[in-house]
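Student: Got a structure for you, questions after.
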Amino acid sequence: MLKVVDVDVSYGHARVLHGVSLELETGKMLFVVGRNGAGKTTLLKTIVGLLKPLKGSIYFDGGEISGLPPEGLYHVGIRYVNQDKKVFSNLNVRENIEIAAFSSGEPLPQALEKVLAIYPKMKEFLNLKAGQLSGGQRQILLIGQALVGDPKLLLVDEPTQGLAAVVINEVARILQHLKGKVSAIIVEQNLPLVSRLADQVVVLKEGKVVRVLSSAAEIGNTALLEKSL
Ligand SMILES: Nc1ncnc2c1ncn2[C@@H]1O[C@H](COP(=O)(O)OP(=O)(O)OP(=O)(O)O)[C@@H](O)[C@H]1O
Ligand SMILES: [Mg+2]
């Protein structure tokens, strides 16, 4: 459903991705791991059209998407939850969900249902300013909003970064719930979580894919993952 072929990306003269290729099958969860600065965020930004590859191609549902603008990619069903965990702090939670409903064309009641389906507790917070949510709840709200409009592909950058252990478990539970229901590429540094959830793991190092793990035995081996970084 998504194919990245031999992509190079640079910021000015600094080349950050070098010949990156990967392939995601429908309904699968692919995790991208790598040390800080490896190029993980750059890869996601390139897939969603925020950065243009210098070289290489990206195909989605059979058609080439490299060079298309992010708005266009949103409308073909690609959603991106970035690393910043930014919500509209001064709007309440319901209004934040309204924005996702409006952007995607999904009626508000269904949009609310999408969010509550992954996190029923959000019902208690609908009238609360989104800025008052905890970091974990904000992350969950952002994932919920990304699910509005039934995306075909979900990209999430470091969903558990900076969260307390109990909240990490909550986010992991949500990702587990989504497994098989949505195709996803998730950047994550929590290797035990990656081991539990991934269908495939791509290891990025200094902007190159240095390893692809596809078998359950390899993915389940956290020590092997750690060693691959
Ligand atoms: N806007 C930018 N301009 C110039 N260089 C950048 C820019 N954004 C990132 N870089 C550089 O590109 C490289 C890859 O950055 P990127 O953010 O993709 O890494 P990452 O794997 O997501 O790291 P982290 O784990 O810290 O989020 C780093 O060397 C970084 O300093
Ligand atoms: Mg990053």
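First residue of the sequence shown: 2, per my numbering; consecutive thereafter.
Where is the CB? At the ideal position from N, CA and C, for every residue including glycine.
#1: What did DSSP end up calling S2 once you bin it into helix, strand or coil?
#2: When we look at the beta-carbon of G50 and count the other beta-carbons within 10 Å, is it buried (16 or more) or exposed?
#3: Output the distance between the C-alpha atoms of K4 and G63, rounded to the nearest integer angstrom.
#4: Considering Cα atoms alone, identify which of R36, G40 and H14 is closest to V21.
#5: So A218 and M30 are supposed to be a Cβ contact under 8 Å. How far apart are they, rounded?
#6: Is K29 helix, strand or coil when you go by DSSP?
#7: State the start and end residues of the unbroken beta strand (DSSP E) segment that holds R80.
#8: Using a Cβ-based criterion (distance less than 7 Å to any ligand heavy atom), does T42 qualify as near ligand 2?
#9: Here's the rule: buried if 16 or more other CB atoms are within 10 angstroms of the residue's CB, otherwise exposed. What is E107?
#10: Who are the Cβ neighbours of D158 in its own chain at under 6 Å, not counting the five residues just before and after it?
#11: If distances are taken between C-alpha atoms only, which option among L69, R139 and F32 comes closest to N91?
#12: Using the three-state DSSP reduction, which class does S67 fall into: helix, strand or coil?
#13: Considering only the alpha carbon of each residue, which of K209, N97, Q162 and I48 lies closest to L142?
#14: Where V211 and Q190 are concerned, what is the direct C-alpha to C-alpha distance, given to the nearest angstrom?
#15: On the three-pair Cβ rule with 8 Å, is the region 153-171 touching the region 190-208?
#16: Report, in whole angstroms, the separation of the C-beta atoms of V34 and V202, which I expect to be a contact under 8 Å.
#17: Taking just the CA atoms, how far does E26 sit from T47?
#18: Would you say the beta carbon of Q140 is closer than 7 Å to some non-hydrogen atom of ligand 1?
#19: Could you check which residue in R95, N222 and K86 has the C-alpha nearest to that of S135?
#20: Only counting the same chain, and skipping five residues up and downstream in sequence, which positions put a Cβ closer than 7 Å to that of I175?
#21: Is it right to say K115 is buried, meaning 16 or more other beta carbons lie within 10 angstroms of its own, or is it exposed?
#22: Just tell me which of E65, I79, V10 and E99 has its CA closest to the CA of K56.
#23: For my contact list, R80 and A147 are in at a C-beta cut-off of 8 Å; report their separation, rounded to the angstrom.
Tutor: Reading from the atomic positions:
#1: Note that residue 2 is Met in the sequence shown, not Ser. Three-state result, M2: coil.
#2: buried
#3: 9 Å
#4: G40
#5: Not confirmed; about 17 Å, so no contact.
#6: coil
#7: I79 to V82
#8: yes
#9: buried
#10: T42, L45, N83, Q84 and V188
#11: R139
#12: coil
#13: N97
#14: 16 Å
#15: yes
#16: 6 Å
#17: 19 Å
#18: no
#19: K86
#20: I119, Y120, I141 and I144
#21: buried
#22: V10
#23: 4 Å
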